Amino acid sequence: MATLGVNIDHVATIRQARRTVEPDPVWAAALAELGGADAITVHLREDRRHIQDRDLEVLRRTVQVKLNLECAIAPAMVEIACRVKPDQVTLVPEKREEITTEGGLDVVAHKAATAEAIKRLQAAGIVVSLFIDPCPRQIDAAVELGAQAAELHTGEYANATGEPQHAKLVELSRASAMVRQAKLELNAGHGLTYRNVVPVARLEGMGELNIGHSIVARAVLVGFSQAVREMKQLIG
Ligand code: PXP
12 MATLGVNIDH VATIRQARRT VEPDPVWAAA LAELGGADAI TVHLREDRRH IQDRDLEVLR
72 RTVQVKLNLE CAIAPAMVEI ACRVKPDQVT LVPEKREEIT TEGGLDVVAH KAATAEAIKR
132 LQAAGIVVSL FIDPCPRQID AAVELGAQAA ELHTGEYANA TGEPQHAKLV ELSRASAMVR
192 QAKLELNAGH GLTYRNVVPV ARLEGMGELN IGHSIVARAV LVGFSQAVRE MKQLIG
């Protein structure tokens, strides 16, 4: 059965819009755990646009389920990960101008740098997952590099509809089989929503699904009426 890694980056995005203290992603992590999250995922970006170093440090001390840190292969980021010691690091590509992670990490093109990052993280006792496109070359390289897990990028599946979306699901299914045959943990994520998640969750051997934007978006709306009622009561 698939497990759920709740990505709380966008709770921090709302906080950073005002550079204030709320909403605190640490509170969101606790509520996600109460809701049954199997893992808490955060991306400490090099530009610190949402999650801050303080968040990661407090989360390391408070999260009781698995803590999964998404980070770039840059040595400075790997150093932070080795010091804070999340349970798992998912290595992702990072470009400053992107709105969100736009594709998988090209572990073929960045083989040497990825190998170095994996070596340092594993030496610190951290499980390494590689966020890669669902393509055979990338999976072969992930296996060769000795990662313990692969997170398949579901963005193209999520952005498609109709027949093209079905084709992307078939591609994910083939890639999943390759990952399982190589005895790597099978994870997936990016762009998954309440409408498109089920076929991905049903792929054989699916492990952790990392989902952020859709859950935060729904949380804002399902909590909106209550938040307004509470303010109304205060001023009435
Ligand atoms: N997995 C990885 C590796 C990501 O970079 C992200 C986005 O930070 C996600 C999953 C979650 O994507 P979304 O916010 O679209 O659910």
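In my numbering, each number is its position in the sequence shown, counted from 1, plus 11. We treat Cβ as the ideally placed atom computed from N, Cα and C, and that holds for glycine. Remember, predicted model here, so these are calculated numbers, not experimental data.
Exercise. Any heavy atom of the ligand PXP closer than 7 Å to the Cβ of Thr31?
Worked result: No, since every heavy atom of the ligand PXP falls outside the 7 Å radius drawn around the Cβ of Thr31.
Problem set entry | Inter-residue CB distance, Gln159 and Val139 (contact presumed, cutoff 8 Å) | Yes, Gln159 and Val139 are in contact; Cβ-Cβ is about 6 Å, under 8 Å.
For this session: Could you spell out where the beta strand (DSSP E) holding Lys77 opens and where it closes?
Result: Note, Lys77: beta strand (DSSP E), Lys77 to Cys82.
For this session: Return yes when the Cβ of Arg191 is within less than 8 Å of the Cβ of Leu197, no when it is not.
Result: Yes, they are a contact pair.
Problem set entry | Coil, strand or helix - Leu116 by DSSP | The answer is coil: DSSP assigns Leu116 none of H, G, I, E or B.
Exercise. Would you say the beta carbon of Ile222 comes nearer than 7 Å to a heavy atom of the ligand PXP?
Worked result: Between the ligand PXP and Ile222, a heavy atom-to-CB distance of less than 7 Å is present.
For this session: Note down, in chain order, each residue of its chain lying with its Cβ closer than 6 Å to the Cβ of Ala13, except the 5 sequence neighbours on either side.
Result: By the criterion of a C-beta distance shorter than 6 Å, Ala13 is surrounded in its chain by Ala212, Met217 and Leu220, once the five residues flanking it on both sides are discounted.
For this session: Count the other CB atoms, across all protein chains shown, that sit within 10 Å of the CB of Ser236; report buried if there are 16 or more and exposed otherwise.
Result: Its Cβ having fewer than 16 others within 10 Å, Ser236 is exposed.
For this session: Return the CA-CA distance between Asn170 and Gln176, expressed in angstroms with no decimal places.
Result: A straight-line Cα-Cα distance of about 8 Å links Asn170 and Gln176.
Exercise. If we call anything under 8 Å between Cβ atoms a contact, is Pro104 one with Asn79?
Worked result: For Pro104 and Asn79, no; Cβs fall outside 8 Å.
Exercise. Does the separation of the CB atoms of Val53 and Glu81 fall below 8 Å?
Worked result: Yes, these two residues count as a Cβ contact at 8 Å.
Problem set entry | Own chain residues within Cβ distance below 7 Å of Gly202, not counting five before or after | Excluding five sequence positions before and after Gly202, the CB atoms of its chain that fall closer than 7 Å to its own CB belong to Thr165, Gly166, Ala169 and Asn170, given in chain order.
For this session: Locate the alpha helix (DSSP H) running through Thr52, then write down its first and last residues.
Result: Here Thr52 belongs to no alpha helix (DSSP H); instead the beta strand (DSSP E) covers Ala50 to His54.
Exercise. Just to check, is the beta-carbon of Leu163 closer than 7 Å to a non-hydrogen atom of the ligand PXP?
Worked result: Answer for Leu163: no, Cβ out of range of the ligand PXP.
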